[in-house]
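Asks: Under the numbering used here, residue 547 is the last one in the sequence shown; the count climbs by one each step, no gaps.
Quick reminder that beta carbons are idealized off the backbone N, C-alpha and C, glycines included.
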Amino acid sequence: MPSQHQRNTGFSYASGSSGRALAIHGVVTDSITHEGLPGVTVLLKGTTTGTSTDASGHFVLPLAAGTVSAQLAFSFIGYSSQEQLVIAADNQPLAVALKPDVHGLLGEVVVAGGIYYQRPWPWHPRRFFNWSKYWLAKPFRAG
């Protein structure tokens, strides 16, 4: 039976030539439907180390050897960001449920466009051509 200081979840050990390297693994799900969320960003706070979840919501995040605890940040479009502290090490997967963020999705976006035709400057040759063509066709117009 594991002792009390080994019961926290989310770490696993991977053996290699560099000693004992840690890797956090787990699954990120929707809090309502309980389905895995693909593409969730999982970042180790305070570093540039991160990963994203696969198509079924699973992730593996390698850590440096000797890491005792880690603060993880989970973020995804349309969901509230969440942070979780993971402390030392048994081989249980970490389970995270993200809540939908309905406040961020209700904003309105207005996209407007149009075409503006800028007429040539008054003394542009094209304007003179149109004017002369008109006067040559009707030189003696009334009024």
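Inspect the CB distances between the stretch 510-520 and the stretch 471-491 and report whether three or more fall short of 8 angstroms.
Replies: Short answer: they don't touch.
Asks: Within 10 angstroms of its Cβ, does ILE428 collect 16 or more other Cβ (buried), or is it exposed?
Replies: So ILE428 counts as buried.
Asks: Could you check the C-alpha separation between LEU441 and ILE519 for me, to the nearest Å?
Replies: If you take the alpha carbons of LEU441 and ILE519, they lie about 42 angstroms apart.
Asks: Do you know offhand how far ALA469's Cα is from LEU498's?
Replies: Each residue's Cα considered, the two are about 19 angstroms apart.
Asks: To the nearest angstrom, report how far apart GLU439 and PHE480 are at their CA atoms.
Replies: Rounded to whole angstroms, GLU439 to PHE480 spans 14 angstroms at the Cα level.
Asks: Among TYR521, VAL506 and LEU502, whose alpha-carbon lies nearest the alpha-carbon of THR437?
Replies: Comparing Cα positions, the closest option is LEU502.
Asks: Hey, THR445 and SER456: beta-carbon distance below 8 angstroms or not?
Replies: Contact: yes.
Asks: Cα separation between SER404 and ASP505?
Replies: In this structure the chain extends from 405 to 547, so residue 404 is not present and cannot be described.
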